[in-house]
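Right, one structure below, let's go through it.
Residue numbers (our numbering): 5 to 222.
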């Protein structure tokens with residue numbers, strides 16, 4: 005099943021390195037980043053990943069992202085997601101691939117741009133920024149963004165720790181459950197003694213429908 009899925013992914017990658025929403029469609033930066041994030045996660049758990057496929061996808065993202073430097077919530081969210089994903093591939097930056105080294109250096113420019121438009125950041129965007137800053141060696145700034153990600157968090161003895169659902173919560177950069185799960189993971193990794201962790205897990209369990217989640221991704 006793993007090999008079959010990998011072959012399907014390879015077949016759907018376009019000549020420019022991007023991945024489309026559906027086979028035969030146009031390359032899309034978000035979907036390409038989504039695929040790259042999946043490969044990064046797999047590698048974290050010891051799974052062998054296709055380096056050539058990843059290098060091509062990284063090149064596509066690096067060439068595509070400059071046109072998304074706009075002070076809009078959706079664009080800022082995309083830039084922060086890209087910063088989070090690209091900084092996960094440290095091995096590629098160290099290799100003699102000029103485009104990838106250049107792209108890695110652009111991450112800071114994307115973060116600086118997003119920082120200037122802080123009001124356009126979503127909760128998960130702030131968590132992506134925290135991760136990217138940590139990976140760039142800026143521990144203090146990463147900590148600041150993690151604190152900002154928890155701005156507005158509330159606590160209830162029954163439902164646990166939560167945030168108010170954001171406007172247009174069906175959009176990928178507003179998804180309530182995905183944001184909550186990601187922030188739980190970040191807090192567990194960076195501040196494992198944080199007293200909010202049990203309440204965050206409590207909220208996720210409270211928001212199941214019986215024994216099911218709302219989607220496979222959830």
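Beta carbons are placed, not taken as given, at the ideal position from N, Cα and C, and that holds for glycine.
Unbroken alpha helix (DSSP H) runs of no fewer than 4 residues, entirely contained in the stretch 92-165, are found at 94-98, 102-120, 127-139, 143-153, following chain order. Put simply, the backbone Cα of residue 177 is about 21 Å away from that of residue 147.
Residues of the same chain with a CB within less than 7 Å of the CB of residue 31, apart from the 5 flanking positions on each side, are 18, 20, 22, 23, 24, 64 in chain order.
Contact check for residue 141 and residue 207: beta-carbon distance about 32 Å, past the 8 Å limit, so the pair fails to qualify. Pairing residue 5 with residue 170, the inter-Cα distance amounts to about 37 Å. By the Cβ-count criterion, residue 37 is buried, with 16 or more other Cβ atoms from all chains shown falling within 10 Å of its own Cβ. Membership of residue 207 in the alpha helix (DSSP H) is indicated by the continuous run 201-210.
Taking the CA atoms as reference points, residue 77 sits about 14 Å from residue 86.
Per the coordinates, the alpha-carbon of residue 155 lies some 43 Å from the alpha-carbon of residue 11.
Taking the Cα of residue 67 as reference, the smallest distance to any Cα among 84, 33, 79, 82 is reached at 33. DSSP places residue 31 within a strand segment (E or B) once states are collapsed to three. Pairing residue 115 with residue 83 gives a Cβ-Cβ distance under 9 Å. Residue 127 sits buried, since 16 or more C-beta atoms from the chains shown fall within 10 Å of its C-beta.
In the assembly as shown, residue 184 is a buried residue. Its beta-carbon has 16 or more other beta-carbons within 10 Å.
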